[in-house]
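Enquirer: Residue numbers (the working numbering), protein chains in the order written: chain A, 1 to 541; chain B, 1001 to 1541. My structure is below; once you've seen it, I'll send some questions.
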């Protein structure tokens, strides 16, 4: 079952020891930035005090051992981890809680639950780690009104690596396996997946596949897609399993109907993943740039060089400060190469030379080069280390910032190198204008999370002063303004956060109407009643 | 219009000067192999003498300038270039010729033609270079019987590079652009796509995308998929165009509904392709192995090394002899690295060391290393050069072998490294048994065309003595036996040749029934009348 240390209202576990000095520093930075000291943090909600309706349906007798209607489990499955999820939770608003939460033990349980849901008109929301920041695991009012009830289907018991194929270097993994559990089970074999999304600690293999999650690699293996060899998905119409094929060229790529399906087609119960040997050779460094344009030019040259750095994150100066990396005088590119086999120093040198040609000031990491077998960071100078640590702690920090009453959000997209300057200008203008109008002030920063030969994946963070009671309406207005700018400028509404319910309107603008029609038809083929995660990805049937 | 030097019955152009000494050598090899001197080659068919029915429909007045019912054009669009296509053409059998052939000048013509076809119940077969070896451009009897007529829609006039985006290193290319025309138009910009399928000279960008063609790169960029940034397709329901997005993560990947659609959803009129800088640094070599198992082990280690060789083709000893590379004593791995930027010698050395650890005997190419800007072969020692030349000439040679009355065919698949030995044994057993039963003898050889971390793409060639009149029935039996073995052993019916009509039965066995149902539903969404390439990829609606 779901570990009750898990916060039902925000990120991670209640017992996480969030460092008070960091909190104090962020409070001071925010206070200085906006000229007003942040208010005291709102208290975490009490489970007994939240508003949560009685379940509309009762636990079916045949599922008594795997389905619950208990308050904690319903509350903890009401939302993902988006800004607005945390705000609503702090407000005590759990009006759209699922009626029931299921913890299937195996795929057969999943199939039985789908059959029951189809027969009784119950909507099913597949739930991995619940880390969606796009409304991907929530039953909104629109959903609730169309169904007899809502079942959140939590895959956390399907948490095992079932087989390891050492010859082909692949592992068969159950969909509910969390990131750390996956790595722990691979480690005795000398393997690692090395797919490290920011949600790593509290997200699952099935969730990664359903949302096409973005991981640690800045090039080549940017999405989980690149590690998926085959998939297995239970749909209302039965099981869909693809063959283990390294480079199948038969027809439209079969597993692409599963990757990115966001629970709208079925429940991903298993996948064969291409794992990696543990890296033993690393080389890393940082490059500082006086202008973001110089950094972007270096990233473009790197992306088109064929060097394929494992890590290459360009962080705007204001954001670096917030993350505790750098003093704010320069934009920073964190660069890392890794290999299980070959020293990476030459590649790093070539990459740093490329960066210097674009005006960067390069610095090799102290522990770079041909490191031992331990799991040291790929770039271990101070800036890089600090940034990595803060990367994984960021979702906790985000909760704290929400509790202080700020509005904050991230927008991630991708675009061509040629189009980036125009998109960047438009997104910043739309964001600043919306922040000014709705919050009176605000900070917009950018980083590149992933690089492609034809363009970057820019990731924007906004933060603005607000106060409890106004946060949601302000967020709605800002979110809409920036999202429209992304779509109008030729970007995508998501590079790796997924569509969910929050991005659906913009996804519908972005995609070709005919490809949406094809997807809707494909959904009807496996989910004729439309019970699977209704309203997520595609409009309710 | 279609160049009338193009053979209407086989590969390439009539004026190709096929080298007589090579032909003599192959005749001698085949004669020695099967103990009987090959008969004199059958004459090429005369256009005037072939059996081709009168067109069932007349050229519509509104299309008089772009549609023809002339005999040559109908004959040249009756078949692709499969073994059985050439045999039927040599037999003078053009019974299933399209009634009309269209040469649209632009996308608007394409859309008008589709509207007319929908209104009059005419089936439309998109035609790129016509190089299909899987029945992808043919109207079989089943098709003919269901429609008022059949239109072959040849895209050859949409043959331009419309734009080059130097910043993002991309080119907007029309679907009917042939390989050489594409490279010629990119060259002044210093670019190349470097997608070199064996069909390169007589295949098109749109055809590559429709069939997910495999190119020159043995790793990383194995299919055209890896170069496609966005696509534009005209369907009976309208135009589907995807955005230019380097790493879009929104929902199921949109362009994957177009890649591999084999003309069954619509006509690919344009694509933005990721092009490359012309390689200036190359390093190549060959490795010989005493056993194919050693070579396979070396390929596996290479594929899992992260070195990503541009070329890595392991050729079985008997096949190397046929291709004029090697003396038949050893299996040969042709290895090449290339880069526009960085010397590749270190990578080559590392790769050769890996191969030697698997028992190979390595030899660096004389012109390897940091070569100049000319277009030298990636591995330029004798074996490699000879093999490359014969690679591009192979389709011409295949025609000659068919004319001598042999049965020959290729089977290409992919599988995991763990499964390769079992699949290989089963495919060879099925092929040998079928060749023995139906032809009394036969040769089965294998090469690896592409390598993945989790498995190889083995490519089998069979050749057996036969005689005119028996070739088709024998081919049918052998094709079925080997294809079934591929499917039973967990392989795919195609790594890069596509499905067409020939592979459709096995594709239907291989794919999950639910994913086929999703594809069929998706097709109905854009082609409700089922006029697009009926029977190719999916069963006729």
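Here a beta-carbon is modelled for each residue, glycine too, at the ideal position from N, C-alpha and C. Keep in mind the model is a prediction, meaning the values are calculated, not measured.
Quick one: Cα of residue 487 of chain A to Cα of residue 472 of chain A, how far?
Expert: One-based indexing of the first chain puts residue 487 of chain A at position 487. One-based indexing of the first chain puts residue 472 of chain A at position 472. Taking the straight line joining both Cα atoms gives about 22 Å.
Enquirer: Would you kindly work out how many angstroms separate the C-alpha atoms of residue 1322 of chain B and residue 1168 of chain B, rounded to a whole number?
Expert: In the second chain, counting from the first residue as 1, residue 1322 of chain B sits at position 322. In the second chain, counting from the first residue as 1, residue 1168 of chain B sits at position 168. When rounded, the distance between both Cα atoms is 43 Å.
Enquirer: Give the residues from the stretch 385 to 406 of chain A that approach chain C closer than 9 Å (Cβ to any Cβ), ordered along the chain.
Expert: As a matter of chain content, chain C is missing from the structure shown, whose protein chains are A and B.
Enquirer: Report the option in A/174, A/437, A/521 whose CA atom is closest to the CA atom of residue 208 of chain A.
Expert: Residue mapping note: residue 208 of chain A aligns to position 208 of the first chain, counting from 1. It is A/174 whose Cα lies nearest to the Cα of residue 208 of chain A.
Enquirer: Beta carbons nearer than 8 Å to chain B: which residues of the stretch 488 to 499 of chain A have them?
Expert: Correct list: 490, 491, 492, 493, 494, 495, 496, 497, 498, 499.
Enquirer: Taking Cβ positions only, does residue 331 of chain A come closer than 8 Å to chain B?
Expert: Here residue 331 of chain A is taken as the residue at index 331 of the first chain, counted from 1. So, not an interface residue.
Enquirer: In terms of alpha-carbon separation, which member of B/1340, B/1040, B/1285 lies closest to residue 1333 of chain B?
Expert: Here residue 1333 of chain B refers to the residue found at position 333 when the second chain is read from its first residue. Per the Cα distances, B/1285.
Enquirer: How far does the beta strand (DSSP E) with residue 282 of chain A in it reach, from first residue to last?
Expert: Here the question's residue 282 of chain A lines up with position 282 in the first chain. That run of the beta strand (DSSP E) goes 281 to 289.
Enquirer: So, helix, strand or coil for residue 381 of chain A, using DSSP?
Expert: Counting from one through the first chain, the residue named residue 381 of chain A turns up at place 381. Note that residue 381 of chain A scores a pLDDT of 47, beneath 50, so its modelled location is shaky; the value from the coordinates is reported in the next line. Of the three classes helix, strand and coil, the one that applies to residue 381 of chain A here is coil, per DSSP.
Enquirer: Taking 8 Å as the threshold (beta carbon to beta carbon), is residue 262 of chain A in contact with chain B?
Expert: Taking the first chain and counting its residues from 1, the one referred to as residue 262 of chain A is at position 262. It does: the Cβ of residue 262 of chain A has a partner Cβ on chain B nearer than 8 Å.
Enquirer: Nearest CA to the CA of residue 152 of chain A: which residue from A/67, A/516, A/469?
Expert: Here residue 152 of chain A is taken as the residue at index 152 of the first chain, counted from 1. That would be A/67, whose Cα lies nearest to the Cα of residue 152 of chain A.
Enquirer: Residues of chain A with CB closer than 7 Å to the CB of residue 1229 of chain B, please, in chain order.
Expert: Residue 1229 of chain B sits at position 229 when you count from the first residue of the second chain. Within 7 Å Cβ-Cβ: 454.
Enquirer: Indicate whether at least one CB of chain A lies closer than 8 Å to the CB of residue 1252 of chain B.
Expert: On the second chain, position 252 is the one that residue 1252 of chain B refers to. Yes - at least one Cβ of chain A is within 8 Å of the one on residue 1252 of chain B.
Enquirer: For the stretch 1189 to 1197 of chain B and the stretch 1410 to 1430 of chain B, state whether three or more C-beta atom pairs, one from each stretch, are separated by less than 8 Å.
Expert: No: fewer than three Cβ pairs fall under 8 Å.
Enquirer: Just curious, the alpha helix (DSSP H) that residue 83 of chain A is in, first and last residue?
Expert: The sequence position of residue 83 of chain A within the first chain is 83, counting from 1. Residue 83 of chain A -> alpha helix (DSSP H) spans 83 to 90.
Enquirer: Residue 318 of chain A by DSSP, collapsed to three states: which one?
Expert: Numbered from its first residue, the first chain carries residue 318 of chain A at position 318. Residue state, collapsed to three classes: helix.
Enquirer: Using Cβ-Cβ distances below 9 Å, what residues of the stretch 1165 to 1187 of chain B are close to chain A?
Expert: Listed by position, the residues of the stretch 1165 to 1187 of chain B near chain A (Cβ gap below 9 Å) are 1165, 1166, 1167, 1168, 1169, 1170.
Enquirer: Compute the Euclidean distance between the alpha carbons of residue 1204 of chain B and residue 1224 of chain B, then round it to the nearest angstrom.
Expert: As a working note, residue 1204 of chain B is residue 204 in the second chain. As a working note, residue 1224 of chain B is residue 224 in the second chain. Looking at the two C-alpha atoms, the distance is approximately 11 Å.
Enquirer: Would residue 1194 of chain B be called buried (16 or more neighbouring beta carbons within 10 Å of its own) or exposed?
Expert: Locating residue 1194 of chain B in the second chain gives position 194, where the first residue counts as 1. Buried, because 16 or more other Cβ atoms sit within 10 Å of the Cβ of residue 1194 of chain B.
Enquirer: Give the secondary structure of residue 1008 of chain B by DSSP, where H, G and I count as helix, E and B as strand, and everything else as coil.
Expert: Here residue 1008 of chain B corresponds to residue number 8 of the second chain, with the count starting at 1. In the structure shown, residue 1008 of chain B sits in coil (DSSP, three-state: anything other than H, G, I, E or B).
Enquirer: Would you identify the three-state DSSP class for residue 1193 of chain B, choosing helix, strand or coil?
Expert: Working through the second chain from its first residue, we reach residue 1193 of chain B at position 193. Coil.
Enquirer: Answer yes or no: does any C-beta atom of chain B fall closer than 8 Å to that of residue 375 of chain A?
Expert: Here the question's residue 375 of chain A lines up with position 375 in the first chain. Since pLDDT at residue 375 of chain A reaches only 35, below the 50 mark, its modelled position is unreliable, and no value is offered.
Enquirer: List the residues of chain B whose Cβ lies closer than 9 Å to the Cβ of residue 507 of chain A, in chain order.
Expert: The residue you call residue 507 of chain A lines up with position 507 of the first chain. Neighbours of residue 507 of chain A on chain B, chain order: 1250, 1251.
Enquirer: Taking the beta carbon of residue 279 of chain A as the centre, do at least 16 other beta carbons fall within 10 Å, making it buried, or is it exposed?
Expert: Position 279 of the first chain, counted from the first residue, corresponds to residue 279 of chain A. So residue 279 of chain A ends up on the buried side.
Enquirer: Run the CB neighbour count on residue 40 of chain A, radius 10 Å, all protein chains shown included, and call it buried at 16 or more, exposed below.
Expert: Against the first chain, residue 40 of chain A aligns to sequence position 40. By the neighbour-count rule (16 or more Cβ atoms within 10 Å), residue 40 of chain A is not buried but exposed.
Enquirer: Can you list, in chain order, the stretches of the alpha helix (DSSP H) that have 4 or more residues and sit fully within the stretch 407 to 484 of chain A?
Expert: Within the stretch 407 to 484 of chain A, the complete alpha helix (DSSP H) runs of at least 4 residues are 420 to 439.
Enquirer: Decide if the stretch 1346 to 1365 of chain B is in contact with the stretch 1087 to 1105 of chain B; the criterion is three or more beta carbon pairs, one per stretch, under 8 Å apart.
Expert: Contact between the stretch 1346 to 1365 of chain B and the stretch 1087 to 1105 of chain B is absent, because fewer than three Cβ pairs lie under 8 Å.
Enquirer: For residue 518 of chain A, which residues in chain B fall below 7 Å Cβ to Cβ?
Expert: Here residue 518 of chain A is taken as the residue at index 518 of the first chain, counted from 1. In chain order: 1257, 1522, 1525, 1526.
Enquirer: For the pair the stretch 230 to 239 of chain A and the stretch 523 to 535 of chain A, tell me if three or more CB-CB distances fall below 8 Å.
Expert: Flag = yes, the stretch 230 to 239 of chain A and the stretch 523 to 535 of chain A touch.
Enquirer: Drop a sphere of 10 angstroms on the beta-carbon of residue 1291 of chain B, count the other beta-carbons inside from all chains shown, and report buried for 16 or more, exposed for fewer.
Expert: By one-based count along the second chain, residue 1291 of chain B stands at place 291. With fewer than 16 other Cβ atoms within 10 Å, it is exposed.
Enquirer: Any beta carbon from chain A within less than 8 Å of residue 1241 of chain B's own beta carbon?
Expert: Indexing the second chain from 1 puts residue 1241 of chain B at position 241. Chain A, which has a Cβ nearer than 8 Å to the Cβ of residue 1241 of chain B, makes this yes.
Enquirer: Nearest-angstrom Cα distance between residue 306 of chain A and residue 1098 of chain B?
Expert: Indexing the first chain from 1 puts residue 306 of chain A at position 306. Indexing the second chain from 1 puts residue 1098 of chain B at position 98. Cα to Cα, the separation comes out at about 46 Å.
Enquirer: Tell me the residue span of the alpha helix (DSSP H) that contains residue 1518 of chain B.
Expert: Taking the second chain and counting its residues from 1, the one referred to as residue 1518 of chain B is at position 518. 1513 to 1526 is the extent of the alpha helix (DSSP H) around residue 1518 of chain B.
Enquirer: Using DSSP with H/G/I as helix, E/B as strand and the rest coil, what is residue 20 of chain A?
Expert: On the first chain, residue 20 of chain A is found 20 positions in, with the first residue counted as 1. The answer is helix: DSSP assigns residue 20 of chain A an H, G or I state.
Enquirer: Hey, does residue 1511 of chain B have any beta-carbon neighbour from chain A nearer than 8 Å?
Expert: As a position in the second chain, residue 1511 of chain B is number 511, starting the count at 1. Closer than 8 Å to some Cβ of chain A, the Cβ of residue 1511 of chain B qualifies, so yes.
Enquirer: For residue 323 of chain A, report the span of its beta strand (DSSP E) as first-last.
Expert: By one-based count along the first chain, residue 323 of chain A stands at place 323. Here residue 323 of chain A belongs to no beta strand (DSSP E), and DSSP marks it neither H nor E.
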